[in-house]
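Asker: In the working numbering, each number is its position in the sequence shown, counted from 1, plus 1. Glycine included, each C-beta is placed from N, C-alpha and C at the ideal position. As the structure is a prediction and not an experimental result, all values here were calculated from the model. What follows is a single structure, and I will ask about it in a moment.
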Amino acid sequence: MTATPEIPGVFIVRHPLVQHKLALLRDRNTPTKIFKELVDEIAMLMAYEATANLALESFSVETPLERTTGARVAGKKAVLVPILRAGLGMVEGILRLIPSARVGHVGLYRDHATLQPIDYYFKIPADAAERDFFVLDPMLATGGSAVAAIARLKHAGATRITFLCLVAAPEGIQRLRQAHADVPIITASLDRELNASGYILPGLGDAGDRLFGTR
Ligand code: PRP
Ligand code: URA
2 MTATPEIPGV FIVRHPLVQH KLALLRDRNT PTKIFKELVD EIAMLMAYEA TANLALESFS
62 VETPLERTTG ARVAGKKAVL VPILRAGLGM VEGILRLIPS ARVGHVGLYR DHATLQPIDY
122 YFKIPADAAE RDFFVLDPML ATGGSAVAAI ARLKHAGATR ITFLCLVAAP EGIQRLRQAH
182 ADVPIITASL DRELNASGYI LPGLGDAGDR LFGTR
């Protein structure tokens, strides 16, 4: 994962496997089943990088030969927060790496005419202030959905939040950094721009529709 010096707080996962799979995801001919599998795999690979700074604590462990000191992730369980719907596609892959993680949900969709996020569901575990939150959404376009989801989390007490997406537009990055400068953004790609309808170019189309076959 590399930092982008010109945009503090933004990290790009340039791992060859992630980039290879992302190109397959962009392909308009990739069918729903494969699309879903690719989102799942990329999310898992990105989560490996995104969790690199989780705090560790020492504990005593007995090997078959002797007692030694091991390390384990400290504190309360981390929370994955997919933004519905498309963020759901990233959950299972990450849970394979962090099986004990809790899963919260933020229900938001973009109004197609105004591009404003409309919220319809919110549920996260208690003790938010003591947990690490990973907000998941394949697409960061205008940034409206991410900004609103993170604001809801902060209102509920969350303080340690990371945003993970597969593809980000410059407009979304700028808006999210402005609204929540304390939230690192981890993405597999910084794309060129948004089109007039708020779709990311070159992008991968409508992530929710491609994941769930609703188009
Ligand atoms: C998509 C995507 C993001 C949002 C990004 O969801 O999954 O949540 O758009 O756009 P923004 O950065 O401009 O807010 P959509 O609203 O299409 O809902 P869906 O996941 O239910 O399809
Ligand atoms: N939401 C998507 O699913 N795709 C885009 O390109 C922009 C927003």
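Which residue comes first and which comes last in the alpha helix (DSSP H) that contains residue 190?
Answerer: Where residue 190 is concerned, there is no enclosing alpha helix (DSSP H), although the beta strand (DSSP E) it sits in stretches over 186-191.
Asker: What's the call for residue 53, buried or exposed, on a 16-neighbour Cβ count within 10 Å?
Answerer: Label assigned to residue 53: exposed.
Asker: Which residues, in chain order, sit with a beta-carbon under 5 Å away from any heavy atom of the ligand URA?
Answerer: This selection yields 140, 142, 200, 201, 204, 207 and 208.
Asker: Which same chain residues end up closer than 6 Å to residue 181 when comparing Cβ atoms and leaving out the 5 residues on each side of it in sequence?
Answerer: Excluding sequence neighbours, residue 181 sits near 151.
Asker: Taking the continuous alpha helix (DSSP H) assigned at residue 108, which residues delimit it?
Answerer: Premise fails: residue 108 lies in the beta strand (DSSP E), 106-111, not in any alpha helix (DSSP H).
Asker: Are there 16 or more other CB atoms within 10 angstroms of the CB of residue 146, so buried, or fewer, so exposed?
Answerer: Counting Cβ neighbours within 10 Å, residue 146 comes out buried, since at least 16 surround it.
Asker: Between which two residues does the beta strand (DSSP E) carrying residue 71 extend?
Answerer: Unbroken beta strand (DSSP E) run through residue 71: 68-74.
Asker: Thinking residue 120 and residue 105 are a contact (beta carbons under 8 Å), I'd like their distance in whole angstroms, please.
Answerer: Wrong, their Cβ atoms sit about 14 Å apart, outside the cutoff.
Asker: What do you reckon, is the C-beta of residue 178 under 8 Å from a heavy atom of the ligand PRP?
Answerer: Not so, every heavy atom of the ligand PRP lies at least 8 Å from the Cβ.
Asker: Would you kindly check if the distance between the Cβ of residue 87 and the Cβ of residue 187 is under 9 Å?
Answerer: No.
Asker: With respect to 8 Å, is the separation between the Cβ of residue 210 and the closest non-hydrogen atom of the ligand PRP below this value?
Answerer: Yes; taking the cut-off as 8 Å, the Cβ of residue 210 has a heavy atom of the ligand PRP nearer than that.
Asker: Return yes when at least one heavy atom of the ligand PRP lies under 8 Å from the C-beta of residue 105, else no.
Answerer: Residue 105: no, Cβ never under 8 Å from the ligand PRP.
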